[in-house]
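Asks: Numbering (numbering that gives the first Met the number 0), first residue to last: 0 to 493.
By construction, the Cβ of each residue, glycine as well, lies at the ideal position given by its N, Cα and C atoms.
Pasting a structure here, questions to come.
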Amino acid sequence: MQGLQPLLSRLKSNKYIILFFVLLLMFLAYITLYSSGGIGDEGLILADVQKMAHGQLIYRDFFSWITPGLYYLLLWVWNIFGQQYIVVRILTMLIAWLIGIFIYLTSRAILNKSWSLINVVIFVTLFYPRHMTYSYHWVSLLLTLIAVCLVNIYLKNPKIKFLISGGIVLGLGLYFLHTRVMVALVSVALFLYYYDRQRLGSKNASRNCFVFLASAGFLFLCLMLPHLLKVGWPTLWFDLVTSNLFYYPTINYLPLKHNLAFILTGGVHIFLFFLLFRKKLFTPQISLYYFYSLCLFISVCYRFDTHHLAYIYSSFALPLSLYVLSQIKISLKKIPEFLSSSLLLAPLLFYHESLIGYYLDHRQWQAVPTKIGLVYLTKSHAPMAQSVLRELEQIPDKNVLLYPSVAYYYPFSDKVNPTKYNIIYGKYLDDKTKAEIMNDLANKNIRYIIYLPTESRWEEPDEKFLTQFLTMNYAEKKIQYQNYDGYFYLYTKK
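Okay, here's the thing in structure tokens:
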């Protein structure tokens, strides 16, 4: 009992923090469980995990441009608790809750309790509601925060075990999202080399940096080795590297010079450096956070939107901004300085509608019965989904192709995509991918195809490479949505 005294004493001294996170979990449950977040991106994951539940193998039987950790996590959870959508929402809620906890812990390295809690509140009320979905972005952010916590421990207690632990966590992060976590791994490794070289010299700094990178690389290699042996290096390289390099440049985002979110966030990093340098606030933790945030910002310049802004700003740039503000002692003379420094919070303006528009008005969500339980969709989306699901219910075949990008209907209707690809936008596919899709259509006896033009995510798609084949081999039926203005098309093989 005496051994528990320090723990009980610590819990008592942090009772209000514990209460805060209990209330936070209740709040996240309220906004997450009876909504569907970004069902488009989430649907891609659900459809592919459904294929894995039927025995298919990622990369061999279906395409994915991310590493497989997110798929296997959901498959494992579904195997335990059942293939129900509510399980996905609970898992999403818990991931967001853990992110809140580790945002608090990383913030505490540079902020007091009050400012750290403010950082958490901003995350759960502004950033998370913009993308309340089971996402590789959130899991990779969580693992990055855990790794940074371990590196913070190393900065205070420089033992090699903390570097190894941090590397292992980032190695696991690579298994969930190789692109963004690779940036985290390299930026932290460069910082560690710079930090240790000042203390220990170049030789020992190089050794520690190697240990950190090797810990991550060894775990990642062990996790990916079974896929490498089963599908081969060319397939993995195409899915995880080539396809990413081809796909993202084709997306019609705003040019960077017209992208206010990009300009403001870049300006925040420049202003942060100026203020931190002028006030001589660059401690090791501050330097780590700033360098990582800057590297992450640069890495997403190719696709900078408010979703990606949430991942890079909420984790480290926002705590740094709050840190600068917390160093200013409020007085009449300091008001101009405080107001000018408040410009560091300018990116929050892009999320002013999150609190009201995304979850407080629950009347926007309507329950739609599916094969994996009730799914809550917006009032505008629910009638469309009900019409499509009603049509799918009448199709006797298990294999049905839906395009261009409506993968969530596969798990919702217990149908299976017979091709390797869930996104069939002509302009986003290279010639190799188009040839594979046409080969599947010609050889797999796909009797039913559904085309949903009004659900296109970005723009009206260009599927000219499919048009002639469908006209020659399929009969077209135009179907009007019930209680919604628009049509979709059912193609039945002649």
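Enumerate, from N- to C-terminal direction, the unbroken alpha helix (DSSP H) stretches of 4 or more residues contained entirely within the region 19–95.
Replies: As far as the region 19–95 is concerned, its whole alpha helix (DSSP H) runs of at least 4 residues are 38–52 and 68–80.
Asks: Give me the Cα-Cα distance between V323 and A406, rounded to the nearest whole angstrom.
Replies: Within the sequence shown, the letter at position 324 stands for residue 323. Within the sequence shown, the letter at position 407 stands for residue 406. Between V323 and A406, the C-alpha separation is close to 44 Å.
Asks: Within 10 angstroms of its Cβ, does D238 collect 16 or more other Cβ (buried), or is it exposed?
Replies: Mapped onto the sequence shown, residue 238 falls at position 239. Label assigned to D238: buried.
Asks: Within this structure, are the beta carbons of L191 and C208 separated by less than 9 Å?
Replies: As a first step, residue 191 must be located in the sequence shown, where it is residue number 192. As a first step, residue 208 must be located in the sequence shown, where it is residue number 209. Closer than 9 Å, so yes.
Asks: Just tell me which of R446, Y408, M181 and S379 has its CA closest to the CA of D396.
Replies: As a position in the sequence shown, residue 396 is number 397, starting the count at 1. With distances taken between Cα atoms, D396 lies closest to R446.
Asks: Check whether the Cβ atoms of S325 and N78 sit closer than 9 Å, and answer yes or no.
Replies: Translated into positions along the sequence shown, residue 325 becomes position 326. Translated into positions along the sequence shown, residue 78 becomes position 79. In this structure, N78 does not lie closer than 9 Å to S325 by Cβ.
Asks: By Cβ distance, which residues of its chain are closer than 6 Å to L293, with the 5 residues on each side in sequence left out?
Replies: The count along the sequence shown starts at 1 and reaches residue 293 at position 294. Excluding residues within five positions, the ones whose Cβ falls inside 6 Å are H268.
Asks: Just curious, the beta strand (DSSP E) that F337 is in, first and last residue?
Replies: Start at 1 with the first residue of the sequence shown, and residue 337 comes out as number 338. Where F337 is concerned, there is no enclosing beta strand (DSSP E), although the alpha helix (DSSP H) it sits in stretches over I334 to S340.
Asks: Write down every uninterrupted run of the alpha helix (DSSP H) in the region 189–275 whose length is 4 residues or greater and which is fully enclosed by it, in chain order.
Replies: If we require 4 residues or more, the alpha helix (DSSP H) runs fully inside the region 189–275 come out as 201–230, 232–236 and 242–246.
Asks: With a threshold of 16 other CB atoms inside 10 Å of the CB of D195, please say whether the residue is buried or exposed.
Replies: For the purposes of this step, residue 195 is identified with residue 196 of the sequence shown, where counting begins at 1. Buried, because 16 or more other Cβ atoms sit within 10 Å of the Cβ of D195.
Asks: What three-state label does DSSP hand P368 in the structure shown?
Replies: Along the sequence shown, one-based indexing puts residue 368 at 369. Of the three classes helix, strand and coil, the one that applies to P368 here is strand, per DSSP.
Asks: Comparing C-alpha positions only, which one of Y174, K378 and P417 sits nearest to F217?
Replies: Position 218 of the sequence shown, counting from 1, holds the residue named residue 217. Of the listed residues, the one whose Cα sits closest to F217 is Y174.
Asks: Taking just the CA atoms, how far does V367 sit from Q385?
Replies: Here residue 385 refers to the residue found at position 386 when the sequence shown is read from its first residue. Here residue 367 refers to the residue found at position 368 when the sequence shown is read from its first residue. Cα to Cα, Q385 sits roughly 7 Å from V367.
Asks: Between I422 and the ligand ATP, is there a pair consisting of the residue's CB and a ligand heavy atom that are separated by less than 8 Å?
Replies: With respect to small molecules bound, the structure shown includes none, and the ligand ATP cannot be examined in it.
Asks: Pick helix, strand or coil for P460, following the three-state DSSP scheme.
Replies: Position 461 of the sequence shown, counted from the start, is the residue given in the question as residue 460. The predicted model places P460 with a pLDDT of 49, which falls under 50 and marks its position as unreliable, so this point remains unresolved.
Asks: Drop a sphere of 10 angstroms on the beta-carbon of E41, count the other beta-carbons inside from all chains shown, and report buried for 16 or more, exposed for fewer.
Replies: By one-based count along the sequence shown, residue 41 stands at place 42. Per the 10 Å Cβ criterion, buried.
Asks: Taking the alpha carbon of Y291 as the point to measure from, which residue in R277, F272 and K278 has its own alpha carbon closest?
Replies: Taking the first residue of the sequence shown as position 1, residue 291 is located at position 292. Checking every option, the nearest Cα to that of Y291 belongs to F272.
Asks: When the Cα of Y70 is compared with those of L45, N243, G39 and I394, which residue comes out closest?
Replies: Looking up residue 70 in the sequence shown gives position 71. Selected option, being the one with the closest Cα: L45.
Asks: Using a Cβ-Cβ cut-off of 6 Å (strictly less than) and excluding sequence neighbours within five positions of A215, which residues of its own chain qualify?
Replies: Looking up residue 215 in the sequence shown gives position 216. Taken in chain order, the residues that qualify are G166, L169, G170 and L184.
Asks: Kindly indicate which three-state DSSP category Y408 falls into: helix, strand or coil?
Replies: Locating residue 408 in the sequence shown gives position 409, where the first residue counts as 1. Helix.
Asks: When DSSP labels each residue in this structure, what does V415 get in the three-state scheme?
Replies: In the sequence shown, counting from the first residue as 1, residue 415 sits at position 416. Three-state DSSP puts V415 in a strand.
Asks: Would you be able to state if there are at least three C-beta pairs under 8 Å between the region 86–99 and the region 129–148?
Replies: Counting Cβ pairs under 8 Å, three or more are found: they touch.
Asks: Nearest CA to the CA of Q481: which residue from I422, T432 and M383?
Replies: Position 482 of the sequence shown, counted from the first residue, corresponds to residue 481. The residue with the shortest Cα to Cα distance from Q481 is M383.
Asks: Quick one: grab the DSSP three-state call for F296.
Replies: What you label residue 296 is simply residue 297 of the sequence shown in a count that begins at 1. Three-state result, F296: helix.
Asks: Just verifying my parser: in three-state terms, what is the DSSP assignment at Q481?
Replies: As a first step, residue 481 is located in the sequence shown; it is residue number 482 there, counting from the start. Q481 falls in the coil class under three-state DSSP.
Asks: Express the C-alpha separation of W96 and K278 in angstroms, rounding to a whole number.
Replies: Position 279 of the sequence shown holds residue 278. Position 97 of the sequence shown holds residue 96. Taking the straight line joining both Cα atoms gives about 34 Å.
Asks: So, do the region 96–109 and the region 198–206 have three or more beta carbon pairs nearer to each other than 8 Å?
Replies: The region 96–109 is not in contact with the region 198–206.
Asks: Pick from F20, Q83 and G68: whose alpha carbon is nearest that of D119?
Replies: Taking the first residue of the sequence shown as 1, we reach residue 119 at position 120. Checking the displayed sequence, the identity of residue 119 turns out to be Val instead of Asp. Among F20, Q83 and G68, the Cα nearest to that of V119 is on F20.
Asks: Could you compute how far the alpha carbon of L344 sits from the alpha carbon of W236?
Replies: Walking along the sequence shown from the start, residue 344 turns up at place 345. Walking along the sequence shown from the start, residue 236 turns up at place 237. Spanning the two alpha carbons is a distance of roughly 40 Å.
Asks: Helix, strand or coil: which one does DSSP assign to I539?
Replies: For the chain, the structure presents residues 0 to 493; residue 539 sits outside this window and is missing.
Asks: Taking Cβ positions, are Y450 and Y490 nearer each other than 9 Å?
Replies: Counted from its first residue, the sequence shown places residue 450 at position 451. Counted from its first residue, the sequence shown places residue 490 at position 491. In this structure, Y490 lies closer than 9 Å to Y450 by Cβ.
Asks: Determine the closest residue to M181 out of W364, F211, N444 and E392, with distance taken between C-alpha atoms.
Replies: Indexing the sequence shown from 1 puts residue 181 at position 182. The candidate whose alpha carbon is nearest that of M181 is F211.
Asks: Classify F290 as helix, strand or coil using the three-state DSSP reduction.
Replies: Counting from 1 along the sequence shown, the entry for residue 290 is found at position 291. Helix.
Asks: Could you pull out every residue in the same chain whose Cβ sits closer than 6 Å to the Cβ of L469, ignoring the five residues on either side in sequence?
Replies: Here residue 469 refers to the residue found at position 470 of the sequence shown. Within the same chain, L469 has close Cβ partners Y490.
Asks: So what does DSSP say about Y133, is it helix, strand or coil?
Replies: In the sequence shown, residue 133 corresponds to position 134, counting from 1. Correct three-state label for Y133: coil.
Asks: For N442, which residues does DSSP report across the bridge?
Replies: Residue numbering aside, residue 442 sits at position 443 when the sequence shown is read from its first letter. Partner(s): none; N442 has no beta bridge.
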